[in-house]
Amino acid sequence: MIEFDGVYHKFSTKTSELQVLKNLSFYVPKSGFSAIIGPSGCGKSTVTKLVAGLIKPYNGRVLLNGEMVQTPRSNIGMAFQNPVLLEWRNILQNVMLPLEIVKNNLTDLQKKERARELLNLVGLIEYENNRPSELSGGMRQRASLCRSLIHQPEVLILDEPFGALDAFTREDLWLTMSRLRETGSFTCLIITHDIREAIFLADEVIVLSGRPATNQFSIKTEKENNDNLDQLYTPHSTKLLNILREQIKLARKNEMVER
Ligand SMILES: Nc1ncnc2c1ncn2[C@@H]1O[C@H](COP(=O)(O)OP(=O)(O)OP(=O)(O)O)[C@@H](O)[C@H]1O
Ligand SMILES: [Mg+2]
């Protein structure tokens, strides 16, 4: 469903060139959920921009549903570390925003119904008339997740969406995310610095090497269920955590050697 096939990317300025991705290949199956972790600055956000069609690879192929991504796509939802909500709109109107941009045949009532369904799912239904500034950071991020899913995208891209939240709120949002996954049918790619988050949410964790980033390692998480946090403390999860921590150490060490 999301496929990177030997992707290279570099950023060029007038005076220099920065090689960011080097022969990166991975595959996220339909309705799958993969996490990408890797050292800071290695090229993770660049991967999300390539999936969204905001930039093009200079070599290799980025495919969605088997089709090359050449231009920005409307069947994608995105959420980032700092949710940008519009202060002059209330929460319901913020969540409905993509439906004003992406073509659809929904009536106003249907749009509202869909937005309310999502707000209900993330526990924000009582705040639909509030302004973004009246919400906490965690609540704003919940609203942002609803907004990224309102147009029922086939692909959801999350770039460190919970990075700015405190540990307890973050864990709450992991549970919210699993609920959203159960009720939706999207394919998801999450970028994160948090190994436990990757293990809890994803079916597969992909570790990128230092820049230029390529796939260094990947592992299927093979968990029983996704609806309680206790599973993060099982011997299986602890083993995954240790393996992934070692891989990140290795990526950072190799990066230092290359520099
Ligand atoms: N538009 C751009 N023009 C030039 N260089 C860029 C551009 N975007 C990113 N870069 C550079 O490419 C490299 C990878 O950036 P990217 O944002 O993909 O890293 P990242 O892995 O997401 O980092 P972090 O973990 O800190 O979020 C960085 O060195 C960055 O400075
Ligand atoms: Mg980034």
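Counted the way our numbering counts, the sequence shown spans residues 229 to 487.
Every residue gets a Cβ at the ideal spot worked out from N, C-alpha and C, and that includes glycine.
Keep in mind that this is a model prediction, so the values were computed, not measured.
Measuring alpha carbon to alpha carbon, tell me which of the options ends up nearest residue i.
| i | options | result |
| --- | --- | --- |
| S437 | N251, L246 and F232 | N251 |
| N318 | F396, I353 and T276 | I353 |
| M229 | L429, H464, T274 and K258 | K258 |
| I378 | Q298, S253, L408 and Y255 | L408 |
| L349 | L401, C270 and G269 | L401 |
| P360 | I329, N310 and S244 | N310 |
| F428 | D458, K477 and G365 | D458 |
| S268 | L460, N470, R439 and T462 | R439 |
| G391 | S406, L325 and Q369 | Q369 |
Does the Cβ-Cβ distance between residue i and residue j come in under 8 Å?
| i | j | result |
| --- | --- | --- |
| N303 | E382 | yes |
| A307 | P389 | yes |
| I265 | L472 | yes |
| F254 | S413 | no |
| G271 | R301 | no |
| V297 | F232 | no |
| V323 | L347 | yes |
| T274 | V248 | yes |
Per DSSP, which one or two residues make a beta bridge with residue i?
| i | result |
| --- | --- |
| H421 | Bridge partners of H421: none, in fact. |
| L252 | V235 |
| S446 | I434 |
| I265 | V435 |
| Q369 | According to DSSP, Q369 bridges with nothing at all. |
*Using the beta carbon as the reference atom, which residues fall closer than 5 Å to any heavy atom of ligand 1, ordered along the chain?*
F239, V248, S268, G269, C270, G271, K272, S273 and T274
*Going along the chain, which unbroken runs of the beta strand (DSSP E) with 3 or more residues stay wholly within the segment 376-439?*
383-387, 415-419 and 432-436
*Residue ranges of each alpha helix (DSSP H) run of no fewer than 4 residues wholly in the segment 287-317, ordered along the chain?*
none
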